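Trainee: Residue numbers (the numbering used here): 4 to 503. Got a structure for you, questions after.
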Ligand SMILES: Cc1ncc(COP(=O)(O)O)c(C=O)c1O
């Protein structure tokens, strides 16, 4: 029989503290008192909110929408409930400090660059990063050193940077001040952060991690245990709203560094955040943390079971679709968060976009993302087995009723460890640009970001020399059913380049 582990006094005290939600309590108390409001916002406790909206939601929720005053504390200079609530967040994740963010992990990624780097510093960055990383690179004025993303052609999926790739980049560019890693990826692939952080710190390098998809990892030991907070990354950002129960835009920046000045982090974040925070979102960050600490383990047991059931069912019963498994991902230090279901649909002859559309219109199921090859179903703490059953049944139906023509598309990217001729900031914010025909762009310095989906990796970055390989790739992409973000016109006929 399994022995029941004893709860220690320290654990009891930890749980007693974590069972509190100071931000939420203060807000609830305020809302219940029906205070006469001469503060922003203008709807005055919901009084003037549209009746159609109110009749659906009820009116109480609007009483939480207040502004900065002593009772509810200030996000920019917290001394009361926001401070307490951030301290509990830091304790839950085992870091020195946590800061609430109200513009998602996007703003956190920008803040990490501005806090850790000075203009002109070099930073090692995986090219397969979220678009907010480009904003961070441009606004902070750093020189990016790109790591070529790894592609797994059998699975039509992109992996994040490996320890070996980062070590190689550090050996070749010892002047780099920081390393920027994304883990987990959109598809739930986690890289070996323990080894990466250890290596970087031994060489005095700062580690910044986009952990948008990983706020839940520490709460369930069936999930990959390589998380930025545990590994000791200097700074990392998590989208609490993506996987846990915070409202959209609610993210957290965690600080755990001896190399970065925390006062600078606070100053930078304050510069980037609104002075009118949404207090309901702040309260949901507080409650999401409490829920994850108190019940996250059990809740994720169920989510994991449902996800694995769905993965298994698809792999054994739907001939034209396939979900990669944890075992298939576990190599070169990678692991998989199984709560993300990536369903490869290439054998249906339909693109992921087409199936995403059918799922939404015919089956009332909305996915987070699709591309030519894959559907990505993101599960969160609120997901349940019947959601997965609905998805699986719809996919089974689609497999039987829809048949497209088989295409020989393959996930490919050109070599993207390119020559940076100018600093991205200098080019991106410059007016010395012109458009040249795509087929005449080789040798020019790009002045724009172009990102084909899939794979969602920027193929052109401001400041880099356009190679023949990249030009040929873009010409090929523009002739296919590929979405290209950043092209500034419907057809990818011209490219914006720098002129001096
Ligand atoms: C890897 C990654 N990082 C950052 C972001 C941005 O996060 P947020 O939506 O919280 O701003 C996303 C969004 O999808 C993402 O996938």
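From the three backbone atoms N, C-alpha and C, an ideal C-beta is built for every residue, glycine too. Bear in mind the structure is a predicted one, so any value in this text is a computation, not a measurement.
Please report the residue range of the alpha helix (DSSP H) in which residue 116 lies.
Mentor: Residues 107-119.
Trainee: Can you tell me where the alpha helix (DSSP H) with residue 380 in it begins and where it stops?
Mentor: No alpha helix (DSSP H) contains residue 380, which is instead part of the beta strand (DSSP E) from 377-381.
Trainee: Here's the rule I'm using: 16 or more other beta-carbon atoms within 10 Å means buried, otherwise exposed. How should residue 581 be labelled?
Mentor: No information on residue 581 is available, as it lies outside the stretch 4 to 503 that the chain covers here.
Trainee: Going by the C-beta, is residue 133 closer than 8 Å to any heavy atom of ligand 1?
Mentor: Checking every heavy atom of ligand 1 against the Cβ of residue 133, one is found closer than 8 Å.
Trainee: Quick check on the DSSP output: the alpha helix (DSSP H) that includes residue 271 runs from which residue to which?
Mentor: Start and end: 265-275.
Trainee: DSSP three-state call for residue 426: helix, strand or coil?
Mentor: It is coil, neither helix nor strand.
Trainee: Give the straight-line distance between the Cα atoms of residue 245 and residue 388, rounded to the nearest whole angstrom.
Mentor: When rounded, the distance between both Cα atoms is 19 Å.
Trainee: Excluding five sequence neighbours on each side, which residues of the same chain lie with their C-beta closer than 8 Å to the C-beta of residue 165?
Mentor: Here the set comprises 153, 194, 195, 335, 336, 337.
Trainee: Three-state secondary structure (DSSP) at residue 463?
Mentor: Note: residue 463 maps to strand in three-state DSSP.
Trainee: Count the C-beta pairs between the stretch 336-353 and the stretch 221-233 that are closer than 8 Å, then say yes if the count reaches three, no if not.
Mentor: With the cut-off at 8 Å, the stretch 336-353 and the stretch 221-233 touch.
Trainee: Do residue 369 and ligand 1 come close, with the Cβ less than 8 Å from some heavy atom?
Mentor: Residue 369: no, Cβ never under 8 Å from ligand 1.
Trainee: Work out the CA separation of residue 267 and residue 250 for me, nearest whole Å.
Mentor: Answer to the nearest angstrom: the Cα atoms are 27 Å apart.
Trainee: Return yes when at least one heavy atom of ligand 1 lies under 8 Å from the C-beta of residue 110, else no.
Mentor: Yes, Cβ of residue 110 sits closer than 8 Å to a heavy atom of ligand 1.
Trainee: Near residue 373, what residues of its chain come up, given a Cβ to Cβ distance below 6 Å and the 5 sequence neighbours on each side ignored?
Mentor: So the list reads 355, 356, 359, once near-sequence residues are dropped.
Trainee: Quick one: what's residue 338 bridged to in DSSP?
Mentor: Its beta-bridge partners are 193.
Trainee: Helix, strand or coil: which one does DSSP assign to residue 155?
Mentor: The answer is strand: DSSP assigns residue 155 an E or B state.
Trainee: Is there contact between the stretch 93-113 and the stretch 131-138, where contact requires at least three CB pairs shorter than 8 Å?
Mentor: Segments in contact, yes.
Trainee: Leaving out the 5 sequence neighbours to the left and right, which residues in its chain are closer than 7 Å to residue 43 when beta-carbon positions are compared?
Mentor: If we look at residue 43 and ignore the five residues flanking it on each side, its Cβ neighbours are 70, 279.
Trainee: Going by beta-carbon coordinates alone, are residue 346 and residue 317 separated by less than 9 Å?
Mentor: Cβ atoms of residue 346 and residue 317: closer than 9 Å.
Trainee: Quick one, are the C-beta atoms of residue 430 and residue 436 less than 9 Å apart?
Mentor: Yes, the pair counts as a contact, with Cβ atoms nearer than the cut-off.
Trainee: Name the DSSP bridge partner or partners of residue 344?
Mentor: The partner list for residue 344 (beta bridge, DSSP) reads 380.
Trainee: Please say whether residue 252 and residue 106 have beta carbons closer to each other than 9 Å?
Mentor: Contact: yes.
Trainee: Counting along the chain, where does the alpha helix (DSSP H) carrying residue 241 start and finish?
Mentor: It is not in any alpha helix (DSSP H) - residue 241 instead sits in the beta strand (DSSP E) that spans 238-241.
Trainee: DSSP on residue 143, reduced to helix/strand/coil?
Mentor: In this structure, residue 143 counts as helix in the three-state DSSP scheme.
Trainee: Give me whichever residues DSSP pairs with residue 233 in a beta bridge.
Mentor: According to DSSP, residue 233 bridges with nothing at all.
Trainee: From residue 440 to residue 474, what distance separates their C-alpha atoms?
Mentor: If you take the alpha carbons of residue 440 and residue 474, they lie about 10 Å apart.
Trainee: Quick one: residues in its chain with C-beta nearer than 6 Å to the C-beta of residue 291, no 5 flanking neighbours on either side, listed in chain order?
Mentor: Correct list, in chain order: 243, 247, 248, 249.
Trainee: To the nearest angstrom, how far is it from the Cα of residue 222 to the Cα of residue 100?
Mentor: Going from the Cα of residue 222 to the Cα of residue 100 covers about 19 Å.
Trainee: Can you find at least 3 beta carbon pairs, one from the stretch 364-378 and one from the stretch 391-408, that sit closer than 8 Å?
Mentor: Segments in contact, yes.
Trainee: Exposed or buried, what is residue 409 when buried is set at 16 or more other beta-carbons lying within 10 Å of its beta-carbon?
Mentor: Exposed.
Trainee: Counting along the chain, where does the alpha helix (DSSP H) carrying residue 401 start and finish?
Mentor: First-last of the alpha helix (DSSP H) with residue 401: 388-404.
Trainee: Quick one: Cα of residue 207 to Cα of residue 470, how far?
Mentor: Distance between the alpha carbons of residue 207 and residue 470: 34 Å.
Trainee: Going straight from the alpha carbon of residue 299 to that of residue 17, what length do you get?
Mentor: About 15 Å.
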